[in-house]
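Following the working numbering, the numbering of the sequence shown begins with 27 at its first residue and continues without gaps.
Every residue, glycine too, gets a C-beta built ideally from N, C-alpha and C.
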Amino acid sequence: MSTNETKSAKLAFIAGATGGMGSQFAKQLASRQYDLLLADMDLQKLRGFAATIEEEYQVSINCVEANLTDEASIAKLAVLLATYDKIDMFVYAAGYGEKRLFKDETSQFSMSMISIHVLAAVQLIHAVLPAMLQRKTGNIIVLSSLASFIPAPGSSIYSASKAFLNVFLESLHMEVRREGVHVQSLCPGLTHTGFHSQQDISRFEGIDGIDLWMEADEVIKTSLDRIGNGTVVCIPGWVNKTIKHAIPAVPRKSYYALAERFAEVNEEKDQ
27 MSTNETKSAK LAFIAGATGG MGSQFAKQLA SRQYDLLLAD MDLQKLRGFA ATIEEEYQVS
87 INCVEANLTD EASIAKLAVL LATYDKIDMF VYAAGYGEKR LFKDETSQFS MSMISIHVLA
147 AVQLIHAVLP AMLQRKTGNI IVLSSLASFI PAPGSSIYSA SKAFLNVFLE SLHMEVRREG
207 VHVQSLCPGL THTGFHSQQD ISRFEGIDGI DLWMEADEVI KTSLDRIGNG TVVCIPGWVN
267 KTIKHAIPAV PRKSYYALAE RFAEVNEEKD Q
């Protein structure tokens with residue numbers, strides 16, 4: 027028996043638990059009576075957040091400090107997760123984005139983003155998957171992005187790292203779906219959290235009166251409702267689905283010109 031076997035019926039692990047999406051996952055899973063194991067960089071902030079969730083939903087919460095851009099910290103968290111016999115829901119919502127041309131990035135910036143989006147996610151899934159396969163049940167949700175389908179100036183590493191997640195998770199789904207393990211790559215578009223303010227697009231409201239934004243609680247509800255129903259790449263909202271399916275239909279040279287022009291317009295607005 028694992029030293030960290032949970033006493034409750036359900037346990038969810040959430041990486042990036044104090045972020046806009048991660049915090050919504052925590053609230054909604056607690057409302058569904060999951061006990062929580064939360065990981066994030068700022069332990070003091072994490073404990074304060076956990077206290078409010080415990081009080082509101084009467085669930086048990088443990089907090090772990092983890093820097094998911096740091097190799098040693100990732101490895102330490104992976105060792106901890108491997109001691110749990112029973113994690114019913116694995117949610118990886120850690121990450122960040124920043125509008126920056128590749129030529130203006132340092133190699134450290136690029137590798138840190140790859141680490142938190144790709145390397146940490148893969149290593150932590152390695153840690154929890156064996157127990158899920160042994161029990162023949164489990165759920166894995168990783169926060170990707172609509173940007174994974176949209177190459178654009180200023181988001182080369184971000185979009186590419188998210189595209190990796192889609193292919194990885196679809197492939198993993200085919201490997202484990204007959205073993206009772208459900209896998210989802212969640213690909214939201216513009217969502218009202220603090221995230222998009224980091225990318226200088228928080229002021230972008232819509233096109234011809236069409237609202238391009240969704241609320242975080244709506245995105246997460248869609249994700250949790252769809253996990254296990256065969257939807258591996260989960261794109262919440264009809265606008266986001268339309269964008270995803272429309273982009274491949276645009277000739278690539280035309281798309282490049284449009285994407286470059288859009289980036290130039292946003293740069294002009296920032297000046």
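Beta bridge pairing from DSSP links residue 41 with 65, 118. Counted as a single uninterrupted DSSP element, the beta strand (DSSP E) harbouring residue 167 occupies residues 164-169. When DSSP states are grouped into helix, strand and coil, residue 88 belongs to the strand group. With the rule of 3 Cβ pairs closer than 8 Å, the region 44-62 does not count as touching the region 134-141. Only residues of its own chain outside the window of five on either side were considered, and among them 149, 150, 153 have a CB closer than 6 Å to the CB of residue 104, listed in chain order. A residue is called buried when at least 16 other Cβ atoms come within 10 angstroms of its Cβ; residue 283 does not meet this threshold and is exposed.
Judged by beta-carbon spacing, residue 147 lies within the 8 Å limit of residue 118, meaning their Cβ atoms are closer than that value. Between residue 238 and the set 254, 257, 269, the nearest pair of CA atoms involves 269. For residue 211, the enclosing beta strand (DSSP E) covers residues 207-212.
Counting along the chain, the unbroken alpha helix (DSSP H) around residue 152 starts and ends at 146-161.
Apart from sequence neighbours up to five positions away, the residues of its chain that approach residue 48 with a beta-carbon distance below 6 Å are 40, 42, 119, ordered along the chain. For residue 50, the uninterrupted alpha helix (DSSP H) run begins and ends at 46-57, by DSSP. Contact holds between the region 160-176 and the region 208-217, because three or more Cβ pairs, one in each stretch, are under 8 Å apart. Here residue 127 is exposed: its Cβ has fewer than 16 other Cβ atoms, across all protein chains shown, within 10 Å. Contact check for residue 83 against residue 123 fails: the beta carbons are separated by 8 Å or more. DSSP places residue 251 within a helical segment (H, G or I) once states are collapsed to three. A distance of 8 Å or more separates the beta carbons of residue 131 and residue 162. Around the CB of residue 279, fewer than 16 other CB atoms lie within 10 Å, so the residue is classed as exposed.
In the structure shown, residue 95 adopts coil according to DSSP, grouped into three states. In this structure, the CA atom of residue 38 is about 25 Å from the CA atom of residue 189.
When only Cα atoms are considered, residue 191 and residue 289 end up about 24 Å apart.
For residue 109, no alpha helix (DSSP H) segment is defined, and its DSSP state is neither H nor E. The residue among 165, 134, 210 with its C-alpha nearest the C-alpha of residue 197 is 210.
Annotation: the continuous alpha helix (DSSP H) that includes residue 272 extends over 264-272. Boundaries of the alpha helix (DSSP H) around residue 201: 182-202.
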